[in-house]
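Asks:
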Ligand code: PMP
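In this note's numbering, the protein residues as written are 1 to 317.
#1: The alpha helix (DSSP H) with residue 294 in it runs from where to where?
#2: Please classify residue 211: does DSSP put it in a helix, a strand, or coil?
#3: Going by other Cβ atoms of all chains shown within 10 Å of its Cβ, with 16 needed for buried, is residue 32 buried or exposed?
#4: Helix or strand or just coil, what does DSSP make of residue 231?
#5: Cα-Cα, which of 75, 78, 97, 71 is closest to residue 86?
#6: Does the Cβ-Cβ distance between residue 276 and residue 175 come in under 8 Å?
#7: Between which two residues does the beta strand (DSSP E) carrying residue 103 extend?
#8: Could you tell me how far apart the beta carbons of residue 3 and residue 267 are, in whole angstroms, since I believe they sit closer than 8 Å?
#9: What does the Cβ neighbour count give for residue 208, buried or exposed, with the cut at 16 atoms within 10 Å?
#10: On the DSSP letters alone, give me the boundaries of the beta strand (DSSP E) that residue 60 sits inside.
#11: Per DSSP, residue 52 is paired with what?
#12: Report the option in 261, 278, 305, 168 whose CA atom is closest to the CA atom of residue 319.
#13: Hey, is the region 246 to 258 in contact with the region 207 to 224, meaning 3+ C-beta pairs nearer than 8 Å?
#14: Report yes or no: do three or more beta-carbon pairs, one from the region 179 to 199 and one from the region 22 to 41, lie closer than 8 Å?
#15: With a CB to CB cut of under 7 Å and the five nearest residues on each side skipped, what residues in its chain are close to residue 238?
#16: In this structure, does DSSP put residue 252 in helix, strand or coil?
#17: With DSSP run on the structure shown, which of helix, strand or coil describes residue 161?
#18: Shortest alpha-carbon distance to residue 191 belongs to which of 211, 170, 154, 184?
#19: Give me the residue from 171, 193, 269, 303 with the minimum Cα distance to residue 205.
#20: So, under 8 Å CB-CB, residue 55 and residue 278 are touching, yes? Tell me the CB distance rounded to an integer number of Å.
#21: Look at the alpha carbon of residue 121 and the alpha carbon of residue 67, and state the distance between them as a whole number of angstroms.
#22: Extract the residue ranges of the beta strand (DSSP E) inside the region 18 to 99, only unbroken runs of 3 or more that lie entirely within it.
#23: Could you check whether the Cβ of residue 149 sits closer than 8 Å to any Cβ belonging to chain D?
#24: According to DSSP, is residue 236 part of a helix, a strand, or is it coil?
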């Protein structure tokens with residue numbers, strides 16, 4: 001249920017964008033000595049562009065906000081990126097056009113240290129290269145779906161050690177350990193608690209619960225990525241569904257008694273959680289609020305709900 005991973009054997013696009021140029025997929029290589037440490041400080045973004053069949057248009061969802069977060073990650077990582085937000089935005093558009101992109105597409109801008117890197121700890125201000133690559137994905141929106149979860153015994157990384165606000169590849173090692181643990185227990189995905197034993201997020205998505213029609217989600221300072229999907233849901237819930245939202249601490253046992261629980265993120269869109277630690281959530285099926293939210297989100301990201309067209313950047317003129 002990973003709706004941003006390319007299908008096995010899916011063709012690669014003709015081009016990717018690398019440090020100022022469109023380059024063919026095959027020629028976008030680095031020397032082996034430029035690997036390894038060069039990625040210790042690497043940061044990235046995960047963005048989706050959705051195809052609107054009726055309009056024959058591709059809409060990139062909240063591109064500005066994603067690139068703003070990329071800039072924030074670069075700042076916290078203390079690396080130096082020679083490209084401005086506006087230049088990366090234009091490069092993303094240029095790349096999507098060069099690849100004649102007319103399908104749902106995942107876009108990943110990411111940095112790595114420039115040149116041959118032998119120092120394990122890159123000096124502050126070290127210059128990075130920026131690559132943008134893309135691949136097609138299959139959305140699971142408007143289908144009945146769900147996953148099983150378990151609370152992992154691994155603690156979520158914290159702001160004073162490996163800040164989750166910074167979207168660094170290295171952060172996902174925490175996620176891998178948690179994933180291996182819950183998979184060994186037969187569950188699909190882990191849910192992390194923080195060092196105060198409060199609920200934080202999943203390995204690639206934020207989390208929300210529904211209790212008596214109210215959407216509740218762990219606050220920003222609970223140790224989560226400042227998710228753009230979370231932000232979208234916090235606006236869409238009251239504005240479109242007329243339902244209240246609350247950002248606050250959430251206990252592990254509150255998950256067990258919630259009416260609905262779901263992950264939300266660019267990659268996973270809305271992914272209902274059907275069980276936690278072997279306990280069913282609600283009736284163990286995708287709940288009515290998740291279904292409603294799924295329809296709303298679908299129409300917004302595909303540029304069909306014109307109230308939110310400011311969130312959708314068209315690629316084709
Ligand atoms: N948390 C983590 C750890 C993630 O990797 C992601 C996916 N980017 C999210 C939350 C969701 O963030 P967004 O809605 O911006 O994709």
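Even for Gly, the Cβ is constructed at its ideal location relative to N, Cα and C.
Replies: Let me spell this out:
#1: 288 to 301
#2: strand
#3: exposed
#4: Collapsing the DSSP output to three states places residue 231 in a helix.
#5: 71
#6: In this structure, residue 175 does not lie closer than 8 Å to residue 276 by Cβ.
#7: No beta strand (DSSP E) contains residue 103, which DSSP labels as neither H nor E.
#8: 6 Å
#9: buried
#10: 57 to 61
#11: Looking at the DSSP output, residue 52 bridges to 57.
#12: Outside the modelled stretch of the chain, which goes from 1 to 317, sits residue 319, for which no answer is possible.
#13: Short answer: they touch.
#14: Here the region 179 to 199 makes no contact with the region 22 to 41; the two share fewer than three CB pairs at distances below 8 Å.
#15: 244, 245
#16: helix
#17: coil
#18: Checked all of 211, 170, 154, 184; the closest Cα to residue 191 is 154.
#19: 269
#20: Wrong, their Cβ atoms sit about 45 Å apart, outside the cutoff.
#21: Spanning the two alpha carbons is a distance of roughly 25 Å.
#22: 21 to 24, 47 to 52, 57 to 61
#23: No chain D appears in this structure, which consists of one protein chain only.
#24: Of the three classes helix, strand and coil, the one that applies to residue 236 here is helix, per DSSP.
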